[in-house]
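In our numbering, the protein residues as written are 14 to 200. For glycine and all other residues, C-beta sits at the position ideal for the given N, C-alpha and C. Read through the structure below, which is laid out as structure tokens, and then see the notes.
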């Protein structure tokens, strides 16, 4: 059950990025092969605490698409790596990457307030733009209602600096935070 909740939470967490992408240029358009961004992740579901990391690495790029490898470690266990192909000719929609939402899921995203703020992450301070979202989704047969805030910065590959989410997933309260720990180019 915890794995299903975590998978559903991750789906909801990335859904607002598609709304943001529609407002701006595709965040993958200017990446280079070898670019990576690593995030620490904390999830609390009732009494259960889950810690982990996730890394996105650009493995190939043309003018029309970027290939991104996503790796994750949750509570010390490695998850299987996933490859995603991102169409650079269209606004970025993470709900369509990798075949869409799991379990034939669907999400509606309502953009809320936005602003600017300095955020410290990974020992560095960033000039960010933040945006709040209200998300209603159904994934893997679970109803999800979430309030999400995403901080992005143009000088970070793939854009995201931090994300917080408070959600109700399958009638359980969940809180999740993802924060950039490092980025760069491994090439």
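Review point. Which runs of the beta strand (DSSP E), 3 residues or longer, sit entirely within the region 60-143?
Key: 61-74, 78-87, 90-100 and 119-134
Review point. Alpha carbon to alpha carbon, what distance is there between residue 85 and residue 30?
Key: Residue numbering aside, residue 30 sits at position 17 when the chain shown is read from its first letter. Residue numbering aside, residue 85 sits at position 72 when the chain shown is read from its first letter. A caution first: residue 30 carries a pLDDT of 48, below 50, which makes its placement in the model unreliable, though a value can still be read off. Residue 30 and residue 85: Cα-Cα distance of roughly 19 Å.
**Study point:** CA nearest to the CA of residue 97, picked from 144, 68 and 88
**Key:** Counting from one through the chain shown, the residue named residue 97 turns up at place 84. That would be 68, whose Cα lies nearest to the Cα of residue 97.
Review point. What residues in its chain sit with their C-beta under 7 Å from that of residue 200, if we drop five residues either side in the sequence?
Key: Here residue 200 refers to the residue found at position 187 of the chain shown. Around residue 200: 46 and 47.
**Study point:** residue 178 to residue 143 span [Cα, whole Å]
**Key:** Here residue 178 corresponds to residue number 165 of the chain shown, with the count starting at 1. Here residue 143 corresponds to residue number 130 of the chain shown, with the count starting at 1. For residue 178 and residue 143, the distance between alpha carbons rounds to 13 Å.
Review point. Roughly how many angstroms lie between the CA atoms of residue 43 and residue 53, to the nearest whole one?
Key: The residue you call residue 43 lines up with position 30 of the chain shown. The residue you call residue 53 lines up with position 40 of the chain shown. Each residue's Cα considered, the two are about 24 Å apart.
Review point. Just reading off the beta strand (DSSP E) that residue 179 is part of, what are its end residues?
Key: Position 166 of the chain shown, counting from 1, holds the residue named residue 179. Residue 179 -> beta strand (DSSP E) spans 173-182.
Point to revise | Boundaries (first-last residue) of the beta strand (DSSP E) holding residue 163 | key: Here residue 163 corresponds to residue number 150 of the chain shown, with the count starting at 1. Its beta strand (DSSP E) spans residues 155-165.
**Study point:** residue 168 in three-state terms, based on DSSP
**Key:** The residue given as residue 168 occupies position 155 in the chain shown. Looking at residue 168 - three-state DSSP - the assignment turns out to be coil, as it is neither helix nor strand.
Exercise for review: State the Cα-Cα distance for the pair residue 197 and residue 77, rounded to the nearest angstrom.
Suggested key: Reading the chain shown from its first residue, position 184 is the one you call residue 197. Reading the chain shown from its first residue, position 64 is the one you call residue 77. One C-alpha to the other measures close to 22 Å.
**Study point:** residue 90, buried or exposed, once every other Cβ within 10 Å from all chains shown has been counted against 16
**Key:** Numbered from 1 along the chain shown, position 77 holds the residue referred to as residue 90. By the 10 Å Cβ count, residue 90 comes out exposed.
Check your understanding: Taking just the CA atoms, how far does residue 124 sit from residue 34?
Key -> In the chain shown, counting from the first residue as 1, residue 34 sits at position 21. In the chain shown, counting from the first residue as 1, residue 124 sits at position 111. A caution first: residue 34 carries a pLDDT of 45, below 50, which makes its placement in the model unreliable, though a value can still be read off. Cα-Cα distance, rounded: 12 Å.
Point to revise | Pick from 182, 181 and 126 that is closest to residue 164, judged by C-alpha positions | key: As a first step, residue 164 must be located in the chain shown, where it is residue number 151. For the residues 182, 181 and 126, the minimum Cα distance to residue 164 belongs to 126.
Practice item. Quick one: residues in its chain with C-beta nearer than 6 Å to the C-beta of residue 190, no 5 flanking neighbours on either side, listed in chain order? Key: Sequence index remark: in the chain shown, residue 190 carries index 177 (1-based). So the qualifying residues of the chain are 55 and 177.
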